[in-house]
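Going down the list, the protein sequences come from chains Y and D. Numbering (our numbering) for the first sequence: -13 to 404. Numbering (our numbering) for the second sequence: -13 to 404. Idealized CB from N, CA, C, for every residue including glycine. Predicted model, so just to flag it, every value in this text is computed and none were measured. Shown next, in structure tokens, is the structure this report addresses.
There are 2 protein chains.
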Amino acid sequence: MRYSQIFSKTSKTVSHDADSANAKLLIQGGFIHQEIAGVYTFLPLGLRTLRKIEQVIREEMEAFGGQEILMPALTPKSAWQTTDRWDGFDVLFKLEGAGSKEYALGATHEEIVTPLAKDYTFSYKDLPFAVFQIQNKFRNEPRAKSGLLRGREFLMKDLYSFHASESDLDAYYEKSKDVYLRIFERLGFDPKITVTTYASGGAFSQFSHEFQVLSEVGEDTVYMCEKCHLAINKEIIDAQSTCPSCGNADLLEKKGIEVGNIFKLGTRFSEPFGFKFTDEDGQMKPAQMGCYGIGPSRIMGSLVEVYHDDQGIVWPKSVAPLQVHLASLGKDEIVQATCDKLYQDLKDQGIEVLYDDRDRQVGAKLADADLIGIPLRVVVSKRTLESDSVEWKERSVSDAETIPLAGLIEKVKECFSG
Amino acid sequence: MRYSQIFSKTSKTVSHDADSANAKLLIQGGFIHQEIAGVYTFLPLGLRTLRKIEQVIREEMEAFGGQEILMPALTPKSAWQTTDRWDGFDVLFKLEGAGSKEYALGATHEEIVTPLAKDYTFSYKDLPFAVFQIQNKFRNEPRAKSGLLRGREFLMKDLYSFHASESDLDAYYEKSKDVYLRIFERLGFDPKITVTTYASGGAFSQFSHEFQVLSEVGEDTVYMCEKCHLAINKEIIDAQSTCPSCGNADLLEKKGIEVGNIFKLGTRFSEPFGFKFTDEDGQMKPAQMGCYGIGPSRIMGSLVEVYHDDQGIVWPKSVAPLQVHLASLGKDEIVQATCDKLYQDLKDQGIEVLYDDRDRQVGAKLADADLIGIPLRVVVSKRTLESDSVEWKERSVSDAETIPLAGLIEKVKECFSG
């Protein structure tokens, strides 16, 4: 992409609503544009990042047996009444349409997926299966805050699993923990700061689990067992004050950002919807369900919270909007021609390049590169070309180095391999 | 994909709501599931089809200079008041959130994209540009009908272009017609039945244009000039009763399904939002705008309306959910083993295969293949294997042929090349 051709631009001014590093940097970097408190447009660079996050999650969900579907945002009042959540779910956006029909905007999709799964499940032979979607959710938050962390409209991956027995649900649920930890690692979170956290369970299981990324700006408080790399959510610390795995009572208080959660639903939803199947023994039994959520837009905000410095964002390689930030400095024709060729050569090798071909001051171009946070910056100037070189700087490393133009492409490919 | 592992299934019964071929066949084929009148879930096969349609459109929009963004569904009342459409747009879903904030669900996005574009446009040097999104729209239709053709929630590709002058808008608008015709051809519509149609223009241009696919079940009436392959919408036939291109008055009345539309907005939205830029002459001028829509979900429904027979859907190759429908007939072990290997070999060659590995009657499996409508059916049975052959049948052709197993993969690749 030529930066001169992207309509969105970086900005030096900070929105007064930017109450968090992710809101501030993503707006200033030209990734998102605020429309309403907690409601954002994803601009070209932001959408690229979001799609990369989605794709990592999609791949892992498919490998975990999930079948992708797409449920609607408009959901019928009757479904929420069936589960007693029309009045019980406090952040439900409600609306009325033609013919006095009442709808809720999907804040979660148990009310849609349960009757849907019921329609295609007849006997134990149809179980287990799992479906997932990557789709917008709506929550009527009293106070939207923290940029992409707590929005009124946000992207969610929600997977729902359906089982013939509790033991089958339990086994799948256990496996999902490893899948989730792998997802967070692939998304760029250091495994050292990603902690599986015990949370309240509900009627059908003692615990649910959250995945917390430790961060001083996190709004959640967790109590961590460093031996087991597990934590307990504040909500249940009175009931469970020791590590559920090793019994350790010496837990450390930490702040975290919740980046995912998994929950055994048991028959909480299958019962009210009458979702039963014929089991091997000929008996009709309610299906066992689990749900598994990760919010790609929240992940995007969380990554910025954890990976930024005073100059801007430091995107992990796996989800950066592009791989190389190529900048030409000065108006020299040879610089321009060299950059144009390099841009084409890199693209031909499948490397994703943001080419800052604008006619701007050196300082402004380098500041924009730092703000946008693409992992590798390659700068070409008259000075570097005097020694047939370019300046090479990884965003996560403080020092730049001068390296020969010859062999650059191989070095870039190496930088992004594996 | 192994058909035995897809949770959604074909169905012999027709929903009482299925008032159209597309609703009936897409529901029976396991592509979509109705949640509310005009609101559907896309099941695995349906979502694959929808994504292919989206991708064709995305590629053409990017080639046409469009930059992809993603705007929200929640839009602020104030924006609709600015353009006098809060009360004037009769299918707007309205809702209230925390703090008595009022929102509309995006039925179209001029009210969001205009102030967005304004924030990044300062001078004529920033123009022209175009942005597009592929995103859900919501319309409070009094009567949802015709399956995916007129829904209350549906997928839309909307591109908006911004220009410094009317002449630049005019030139871009003219080019968009060719882009649109190419899109419909790539999506599988026969160019012979896709007709650019003059429609009412509004304050800023004499005409807008629709793209109509001629079909006896279409709800629109158009008057066609066969010489110019152009039509006039019924709404303006009194004002424009001859072909706008050649003056021909001998127009044929036809029925059509609208599959896209383009519209010059002029300054209809830039004026109320105060979207002005500094022109070359130093003057502040309002930006000129155009909008260009295609609904991927409506396209999916339209394709089914046009391309089906008594047995089921006949998907065009370009957007079929998968390319090959491989079916094993009978429980013979050699049949099973041959199919398993063929499935793997085809997948290894990048061919997309729906492998019907279920233990079902021959008739049921063949009926499902016809209903689902994948372009090429390959059947393996004990009988075909006696002559080291398979049965080959293209969905759009009535006769099956027996062809040697050797060389099959090459023949499949040929079938889908070009």
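Does DSSP put residue i in a helix, in a strand, or in coil?
| i | result |
| --- | --- |
| D/Gln226 | coil |
| Y/Ala185 | strand |
| D/Ile408 | No answer is possible for residue 408 of chain D: it lies beyond the span of chain D, which begins at -13 and ends at 404. |
| D/Met270 | strand |
| D/Pro258 | coil |
| Y/Asp5 | coil |
| D/Leu391 | coil |
| D/Val0 | coil |
| Y/Glu21 | strand |
| D/Gly279 | strand |
| Y/Phe190 | coil |
| D/Asp(-12) | Reading the sequence as shown, one finds Arg at residue -12 of chain D and not Asp. The answer is strand: DSSP assigns D/Arg(-12) an E or B state. |
| D/Val165 | helix |
| Y/Leu328 | helix |
| Y/Gly252 | strand |
| Y/Lys317 | coil |
| D/Thr69 | coil |
| Y/Lys(-5) | coil |
| Y/Ala59 | coil |
With residue i as the anchor, note down where its alpha helix (DSSP H) starts and where it stops.
| i | result |
| --- | --- |
| Y/Lys178 | It is not in any alpha helix (DSSP H) - Y/Lys178 carries neither H nor E in the DSSP assignment. |
| D/Tyr293 | Note, D/Tyr293: premise wrong, no alpha helix (DSSP H); not H, not E. |
| D/Cys211 | Counting along the chain, D/Cys211 falls outside any alpha helix (DSSP H), though it belongs to the beta strand (DSSP E) covering 206 to 211. |
| Y/Lys104 | 96 to 105 |
| Y/Lys111 | From DSSP, Y/Lys111 is part of no alpha helix (DSSP H); its letter is neither H nor E. |
| D/Glu372 | 368 to 372 |
May I have the straight-line CA-CA distance separating residue i from residue j, to the nearest angstrom?
| i | j | result |
| --- | --- | --- |
| D/Leu308 | D/Arg363 | 11 Å |
| D/Thr253 | D/Gly188 | 12 Å |
| D/Phe263 | Y/Pro30 | 22 Å |
| Y/Leu391 | Y/Trp378 | 10 Å |
| D/Ser432 | D/Gln192 | The requested residue 432 of chain D does not occur in the structure, where chain D is confined to residues -13 to 404. |
| Y/Met57 | D/Ile120 | 16 Å |
| Y/Leu328 | Y/Asp343 | 12 Å |
| D/Glu48 | Y/Lys10 | 29 Å |
| D/Leu33 | D/Gly16 | 11 Å |
| D/Met146 | D/Arg129 | The identity of residue 146 of chain D in the sequence shown is Tyr, whereas the question assumes Met. C-alpha separation (whole angstroms): 28 Å. |
| D/Asp414 | D/Phe(-7) | Not covered by the structure: residue 414 of chain D. The range shown for chain D is -13 to 404. |
| D/Gly287 | D/Trp301 | 11 Å |
| Y/Glu139 | Y/Pro101 | 24 Å |
| D/Thr94 | D/Ile43 | 18 Å |
| Y/Lys123 | Y/Gly92 | 6 Å |
| Y/Ile408 | Y/Glu396 | In this structure chain Y extends from -13 to 404, so residue 408 of chain Y is not present and cannot be described. |
| D/Lys303 | Y/Thr324 | 43 Å |
| Y/Gln(-9) | D/Gln53 | 9 Å |
On the DSSP bridge assignment, give the partners of residue i in chain order.
| i | result |
| --- | --- |
| Y/Arg363 | Y/His311, Y/Lys379 |
| Y/Gly246 | Y/Phe197 |
| D/Val117 | D/Gln53, D/Tyr146 |
| D/Asn126 | In the DSSP output, where bridge partners are listed per residue, D/Asn126 has none listed. |
| D/Arg172 | Note: D/Arg172 sits in no beta bridge, so no partner. |
| D/Tyr341 | D/Arg(-12), D/Leu312 |
| Y/Glu239 | Y/Tyr209 |
| Y/Glu88 | Y/Glu82 |
| Y/Lys131 | Y/Arg136 |
If I'm right that residue i touches residue j with Cβ under 8 Å, what's the distance once you round it to whole angstroms?
| i | j | result |
| --- | --- | --- |
| Y/Val77 | D/Leu60 | Not quite, the Cβ-Cβ distance comes to about 13 Å (not below 8 Å), so this is no contact. |
| D/Phe170 | D/Thr183 | The Cβ separation is near 12 Å, so there is no contact. |
| Y/Leu394 | Y/Val376 | 6 Å |
| Y/Val245 | Y/Val199 | 5 Å |
| D/Ser162 | D/Asn247 | Their Cβ separation, rounded to whole angstroms, is 11 Å, which puts D/Ser162 and D/Asn247 out of contact at 8 Å. |
| Y/Lys250 | Y/Gly276 | 5 Å |
| D/Ser283 | D/Leu141 | 4 Å |
| D/Phe79 | D/Ala90 | 7 Å |
| Y/Ser314 | Y/Val321 | 5 Å |
| Y/Phe311 | Y/Leu340 | The amino acid at residue 311 of chain Y is misidentified as Phe; the sequence shows His. Yes, they are in contact, since the Cβ atoms of Y/His311 and Y/Leu340 sit about 5 Å apart, within 8 Å. |
| Y/Leu135 | Y/Ile13 | Incorrect: roughly 14 Å between the Cβ atoms, too far for contact. |
| D/Ala4 | D/Val203 | Their Cβ separation, rounded to whole angstroms, is 13 Å, which puts D/Ala4 and D/Val203 out of contact at 8 Å. |
| Y/Phe118 | Y/Asp156 | Going by Cβ atoms, the distance from Y/Phe118 to Y/Asp156 rounds to 19 Å, so no, they are not a contact pair. |
Over the uninterrupted beta strand (DSSP E) stretch that includes residue i, give me the two end residues.
| i | result |
| --- | --- |
| Y/Leu29 | Segment: none, Y/Leu29 is in no beta strand (DSSP E) and carries neither H nor E. |
| D/Gly83 | 80 to 83 |
| D/Ala217 | 216 to 219 |
Check whether the Cβ of residue i lies closer than 8 Å to any heavy atom of the ligand FMN, and answer yes or no.
| i | result |
| --- | --- |
| Y/Ile358 | Summarising the ligand content, the structure contains no ligands, and the ligand FMN is consequently not present. |
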